[in-house]
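Undergrad: The structure's right below; bear with me while I get my questions together.
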Amino acid sequence: MRIALDFDDVLSRFLEATIAKLNFVHDLDIELEDIKGWNMDEYIDCTKEQLFATWTPKFIESVPFRDGARKLVDDLKALGHEVVIATACFAPTHEFREKICMDYLGLISEDVIFIKKKYLLNVDVLVDDKLDNFMDSDSLPCEFEKVVYNMPHNQNSSKLGLHYRVNDLSEIVGVVETIQKNRCK
Ligand SMILES: [Mg+2]
1 MRIALDFDDV LSRFLEATIA KLNFVHDLDI ELEDIKGWNM DEYIDCTKEQ
51 LFATWTPKFI ESVPFRDGAR KLVDDLKALG HEVVIATACF APTHEFREKI
101 CMDYLGLISE DVIFIKKKYL LNVDVLVDDK LDNFMDSDSL PCEFEKVVYN
151 MPHNQNSSKL GLHYRVNDLS EIVGVVETIQ KNRCK
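Under this note's numbering, the very last position in the sequence shown is 185; numbers go up by exactly one each time.
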């Protein structure tokens, strides 16, 4: 199958790193569980401007991978799947992101797709943490299989219809195998 993996908050700890920086710079006490929706400035004592100021190219480059990111890509490829990274990151960080996907995930530049409208992806499975990425321009659920990386901000997913949830990268291969079995029935 063709499998697209989101980068921020699927393969990486973007939100946790953002919170750590905000807490340090503005002397706050934000926790991951406080962020209960996509627009995080609505849930914390920070302005949009302060939030956006956090996301410098240098910060983006410092965000760590989750444990098992490389293993996930390798395992999916070993099972015969085609793996791409589908990321909506800021344009100034495209070059860096492509490079770390090549250096740390063993991918080639063609495997990294910079895309905001993920409903246009021609894939069998999307793994993402942003619920809107599983909906098309008419706010209808996409045709591809939806695997939601569990985060406090994506708990209300009733509009998605059938979907899967994972709490850790190590669960994704099993979910992909379940999807494949169900498709063969
Ligand atoms: Mg994401």
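Even glycine gets a Cβ: it sits at the ideal position worked out from N, Cα and C. Model, not experiment: these values are computed from the prediction.
By how many angstroms is the C-alpha of P92 removed from the C-alpha of K48?
TA: Their Cα atoms are separated by approximately 19 angstroms.
Undergrad: In three-state terms, what does DSSP make of L5?
TA: Strand.
Undergrad: Determine whether the beta carbon atoms of F134 and L160 lie at a separation below 8 angstroms.
TA: Contact flag set, yes.
Undergrad: Three Cβ pairs or more, each shorter than 8 angstroms: is that satisfied between the region 11-24 and the region 113-126?
TA: Segments in contact, no.
Undergrad: Would the C-beta of V10 count as close to ligand 3, meaning under 7 angstroms from any of its heavy atoms?
TA: Absent from the structure shown: ligand 3. Ligands present: ligand 1.
Undergrad: Where F96 and V10 are concerned, what is the direct C-alpha to C-alpha distance, given to the nearest angstrom?
TA: Approximately 18 angstroms between the Cα atoms of the pair.
Undergrad: Roughly how many angstroms lie between the CA atoms of C199 and M40, to the nearest whole one?
TA: In the structure displayed, the chain extends from 1 to 185; residue 199 sits before or after that span and is not available.
Undergrad: Do I44 and L32 have their CB atoms nearer than 8 angstroms?
TA: It is not a contact, given that the beta carbons lie outside the stated cut-off.
Undergrad: First and last residue of the beta strand (DSSP E) that includes Y149?
TA: Looking at the DSSP string, the run of the beta strand (DSSP E) that includes Y149 is 145-149.
Undergrad: Which of helix, strand or coil does DSSP assign to E82?
TA: DSSP places E82 in strand when its eight states are reduced to three.
Undergrad: Inspect the beta-carbon positions of V147 and L126 and report whether they are closer than 8 angstroms.
TA: Yes; because the gap between Cβ atoms is below 8 angstroms, this pair is in contact.
Undergrad: Please go through the same chain and pick out, in chain order, the residues whose beta-carbon is closer than 6 angstroms to the beta-carbon of W38, but skip the five residues on each side of it.
TA: Contacts found: H153.
Undergrad: Flag D168 as yes when its Cβ comes closer than 7 angstroms to any non-hydrogen atom of ligand 1, and as no otherwise.
TA: For ligand 1, not one heavy atom lies less than 7 angstroms from the Cβ of D168.
Undergrad: Measure the beta-carbon distance from V258 to Y164 and round it to whole angstroms, keeping in mind my assumption that it falls under 8 angstroms.
TA: Since the first and last residues shown for the chain are 1 and 185, residue 258 lies out of range.
Undergrad: Nearest-angstrom Cα distance between P57 and F65?
TA: Rounded to whole angstroms, P57 to F65 spans 16 angstroms at the Cα level.
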